[in-house]
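Enquirer: In our numbering, the protein residues as written are 13 to 642.
All C-beta atoms, glycine included, are put in the ideal place defined by N, C-alpha and C.
One structure is given below, represented as structure tokens, and several questions about it will come after.
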């Protein structure tokens, strides 16, 4: 049985009966099933059927059935019922699917239960999406990408949706929906606020009125990088200025230039000295804040709203002050005369010459000369005798720059030395010195100072030898003197000799040095000369006793050469008798002595020593035995 809509209620074969003329309804001929052409392409959601209409007088309706297999019959999907006998075509839009093949058959009904045999089976396939593609040739910037696609001619188009990802493929559940439009004529989109030098993948998804989605091809693009511009170079480089030049940027999105300067090549745009921001049209910049004879590294940054980039640095070395040349340095005793070449520089940039000197590692400023034409100077301040002086001339310009000349070294002229030319003994009393001295060009004489050395020592074969105990002929060339003693100061320029009467007879080798003292107290000594002193010590003649009594005796002796006094000693023992172990009985200038207070019947031994005015003693006299009476 068939319901009013023509749907089959069972799978049984329909019973076909004849009409009142005894003839069964004739089956129609289904001629064609095809998707209609819309905008040049097969329709996605309709199929058009065409057939030869029936001539049956009792015609009631056409019944159309559809299936997705060839086994289409009245048990398949009922599509429609048509009551116009002469109708020969039908457009099926019921629950269609894209790019799907459907099979059709048509029944002719003359009554509700009287159908013809099914028509022949015809199939048709719905159309596909109209191909829409993204162009590969698109506009790419540093922070924006513009994509293009060919307009879709799909009559069912609802929206364009543009997705963006940094992954390899588009995933609409994950990636960013950046653009939606229902305008079928829209075929481009510009995505902005992108990161420069970054790869992005774009895809366009077309949604139709049936909810179907078509994905175009994807396009992967990389944003551009902000490009640096090169320096052309530096011009007008002086001691304190330089003008920088560069090529203009060809970037259409950049915001301007930033110029940085540093003393080295390791820095970024956010650090170190930022001193200039030339405008977007500028290709030069003049820097007036430089120091002379210095190296600077410049970086030119091309800046856009969120980044900056720079190329290789430009090295600029400013010019230095041309130093003067110290030509001559002439020393005197208390002064130095010097001259130098004149300063040659930029007009009106001279400030001063500064004279400096270094003595014993300490540098001081001697004087400042503000006349550019003055190129000589005499220094008479704090001249240190016997020490090297190093002079330099510094040039100061009006910008605070300094240029330092070469240095010249000299020592003040020394006092002419006075050398001992003769050193001879003077009898038994001392030594006579004779020397010579030539007066120098300066008024430098104040006094002669005579220094005497004694107790000469020398290291010989590892032993310290006192040279007073050695022969003069054995004295080696290199000697070591102990500390000298100043024995005389002579302020008479013409006196060239001196007699030393203060020597000690216990030492027989002396040395002398003549020092010349100038008006400022400086001393200059000549060579040291030494000699032996041949002294005659006092001596005594024979000692003899007279007038011996029980308690007294008289001792007599002969006069001794160079004796100043005589000392008479007694002892009860003659063995090893000396002044240290005997009793002093008398010290007298006479040649005899009366000794009293002796013991009766006692044996005494007597000896006498002579002593000179310097305290030198003679050898002991002969021993004399005296026995007092009972």
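(1) Suppose the cutoff is 8 Å on Cβ atoms and the five residues either side in sequence are ignored; what does the same chain contact list for residue 65 look like?
(2) Leaving aside the five residues before and after residue 195 along the sequence, list all residues of the same chain whose C-beta is less than 6 Å from its C-beta, in chain order.
(3) On the CB-based measure, 16 or more other CB atoms within 10 Å of its CB, does residue 588 come out buried or exposed?
(4) Can you give the beta carbon distance from residue 341 to residue 418, rounded, assuming they're within the 8 Å contact cut?
(5) Could you tell me which whole beta strand (DSSP E) segments of length 3 or greater appear in the region 162 to 188?
(6) With distances taken from CA atoms, which of 235, 416, 206 and 372 is nearest residue 332?
(7) How big is the Cα-Cα spacing for residue 496 and residue 377?
(8) Out of 212, 241, 249 and 223, which has the shortest C-alpha to C-alpha gap to residue 231?
(9) At which residue ranges does the region 78 to 164 contain complete beta strand (DSSP E) runs of 3 or more residues, listed in the order of the chain?
(10) Using a Cβ distance threshold of 8 Å, determine whether the region 302 to 316 contacts the region 360 to 375, with at least three qualifying pairs required.
(11) Should residue 37 go down as buried or exposed, given a rule of 16 or more other Cβ atoms within 10 Å for buried?
(12) Decide if the region 136 to 147 is in contact with the region 179 to 187; the criterion is three or more beta carbon pairs, one per stretch, under 8 Å apart.
(13) Enumerated in chain order, which unbroken segments of the beta strand (DSSP E) with a length of 3 residues or greater are wholly contained in the region 238 to 283?
(14) Taking Cβ positions, are residue 564 and residue 635 nearer each other than 8 Å?
(15) Report the start-end ranges of each beta strand (DSSP E) in the region 422 to 461 that is 3 residues or longer and not cut off at the edges.
(16) Helix, strand or coil for residue 570 per DSSP?
(17) In chain order, what residues of the same chain lie with their CB nearer than 8 Å to the CB of residue 151, ignoring the 5 residues before and after it?
(18) Leaving aside the five residues before and after residue 532 along the sequence, list all residues of the same chain whose C-beta is less than 8 Å from its C-beta, in chain order.
(19) Please classify residue 317 as buried or exposed, where buried requires at least 16 neighbouring CB atoms within 10 angstroms.
(20) Look at residue 77 and residue 117 and say whether their C-beta atoms are less than 8 Å apart.
(21) Identify whether residue 358 lies in helix, strand or coil by the three-state DSSP scheme.
(22) Can you look up residue 486 in the DSSP assignment and give me helix, strand or coil?
(23) Taking the C-alpha atoms as reference points, what is the distance between residue 451 and residue 575?
(24) What is the DSSP secondary structure of residue 350, counted as helix, strand or coil?
(25) What is the DSSP secondary structure of residue 19, counted as helix, strand or coil?
(26) Which value, in whole angstroms, describes the spacing of the CA atoms of residue 245 and residue 330?
(27) Quick check: the Cα distance between residue 218 and residue 170, rounded to an integer number of angstroms?
(28) Looking at residue 619 and residue 581, is the spacing between their C-beta atoms short of 8 Å?
(29) Using the beta-carbon count (16 or more within 10 Å), is residue 251 buried or exposed?
(30) For residue 214, which beta-bridge partners are listed by DSSP?
(31) Return the first residue and the last residue of the beta strand (DSSP E) that residue 537 is part of.
(32) Pop quiz: residue 462 and residue 427 are said to be a contact at Cβ under 8 Å. What is the actual Cβ separation, rounded to whole angstroms?
(33) Quick one: what does DSSP say residue 236 is sitting in, helix, strand or coil?
(34) By the 10 Å Cβ neighbour count, where 16 or more other Cβ atoms means buried, how is residue 162 classified, buried or exposed?
(35) Going by alpha carbons, who is nearest to residue 399 out of 348, 272, 215 and 593?
(36) CB-CB under 7 Å to residue 335, same chain, minus the five flanking residues each way: which ones, in chain order?
Expert: Walking through what the data contain:
(1) On the chain shown, position 53 is the one that residue 65 refers to. Cβ within range, chain order: 40, 97, 98, 99 and 100.
(2) As a first step, residue 195 is located in the chain shown; it is residue number 183 there, counting from the start. Excluding positions up to five away in sequence, the list is empty.
(3) In the chain shown, the residue the question calls residue 588 occupies position 576. Counting Cβ neighbours within 10 Å, residue 588 comes out exposed, since fewer than 16 surround it.
(4) The sequence position of residue 341 within the chain shown is 329, counting from 1. The sequence position of residue 418 within the chain shown is 406, counting from 1. Residue 341 to residue 418, Cβ: 11 Å. No contact.
(5) 169 to 177
(6) Along the chain shown, read from residue 1 onward, the residue named residue 332 stands at position 320. Comparing Cα-Cα distances from residue 332 to each of 235, 416, 206 and 372, the minimum goes to 416.
(7) Start at 1 with the first residue of the chain shown, and residue 496 comes out as number 484. Start at 1 with the first residue of the chain shown, and residue 377 comes out as number 365. Whole-angstrom Cα-Cα distance: 39 Å.
(8) Stepping through the chain shown from its first residue, residue 231 is reached at position 219. The option with the nearest alpha carbon to residue 231 is 212.
(9) 89 to 94, 101 to 104, 113 to 123, 134 to 137 and 157 to 160
(10) no
(11) Position 25 of the chain shown, counting from 1, holds the residue named residue 37. Under this definition residue 37 is a buried residue.
(12) no
(13) 243 to 247, 254 to 258 and 268 to 274
(14) Indexing the chain shown from 1 puts residue 564 at position 552. Indexing the chain shown from 1 puts residue 635 at position 623. No. Outside cutoff.
(15) 431 to 438 and 442 to 448
(16) The residue given as residue 570 occupies position 558 in the chain shown. Coil.
(17) Sequence index remark: in the chain shown, residue 151 carries index 139 (1-based). 157, 158 and 202, listed in sequence order.
(18) The residue you call residue 532 lines up with position 520 of the chain shown. Closer than 8 Å at Cβ, skipping near neighbours: 346 and 397.
(19) Residue mapping note: residue 317 aligns to position 305 of the chain shown, counting from 1. The residue in question, residue 317, is exposed, as its Cβ has fewer than 16 Cβ neighbours within 10 Å.
(20) The count along the chain shown starts at 1 and reaches residue 77 at position 65. The count along the chain shown starts at 1 and reaches residue 117 at position 105. Cβ distance < 8 Å, so residue 77 and residue 117 count as in contact.
(21) The residue you call residue 358 lines up with position 346 of the chain shown. If DSSP states are grouped into helix, strand and coil, residue 358 belongs with coil.
(22) Along the chain shown, read from residue 1 onward, the residue named residue 486 stands at position 474. Residue placement at residue 486 is poorly supported in this model, since its pLDDT is 49, which falls under 50; the coordinates are not used for a value here.
(23) Here residue 451 is taken as the residue at index 439 of the chain shown, counted from 1. Here residue 575 is taken as the residue at index 563 of the chain shown, counted from 1. Residue 451 and residue 575: Cα-Cα distance of roughly 45 Å.
(24) Taking the first residue of the chain shown as position 1, residue 350 is located at position 338. Residue state, collapsed to three classes: strand.
(25) Taking the first residue of the chain shown as position 1, residue 19 is located at position 7. Because the pLDDT of residue 19 is 37, which lies under 50, any placement of that residue in the model is unreliable, and the question is left without a value.
(26) Reading the chain shown from its first residue, position 233 is the one you call residue 245. Reading the chain shown from its first residue, position 318 is the one you call residue 330. Going from the Cα of residue 245 to the Cα of residue 330 covers about 14 Å.
(27) Within the chain shown, the letter at position 206 stands for residue 218. Within the chain shown, the letter at position 158 stands for residue 170. C-alpha separation (whole angstroms): 7 Å.
(28) As a first step, residue 581 is located in the chain shown; it is residue number 569 there, counting from the start. As a first step, residue 619 is located in the chain shown; it is residue number 607 there, counting from the start. Yes.
(29) As a first step, residue 251 must be located in the chain shown, where it is residue number 239. Under this definition residue 251 is a buried residue.
(30) Numbered from 1 along the chain shown, position 202 holds the residue referred to as residue 214. According to DSSP, which records beta bridges pairwise, residue 214 is partnered with 176 and 231.
(31) Here the question's residue 537 lines up with position 525 in the chain shown. From DSSP, the beta strand (DSSP E) with residue 537 extends over 535 to 537.
(32) The residue given as residue 462 occupies position 450 in the chain shown. The residue given as residue 427 occupies position 415 in the chain shown. The Cβ separation is near 16 Å, so there is no contact.
(33) Your numbering for residue 236 matches position 224 in the chain shown. Coil, per DSSP.
(34) Locating residue 162 in the chain shown gives position 150, counting from the first residue. Its Cβ having fewer than 16 others within 10 Å, residue 162 is exposed.
(35) By one-based count along the chain shown, residue 399 stands at place 387. Among 348, 272, 215 and 593, the Cα nearest to that of residue 399 is on 348.
(36) As a working mapping, residue 335 is identified with position 323 in the chain shown. If we look at residue 335 and ignore the five residues flanking it on each side, its Cβ neighbours are 407, 415, 416 and 417.
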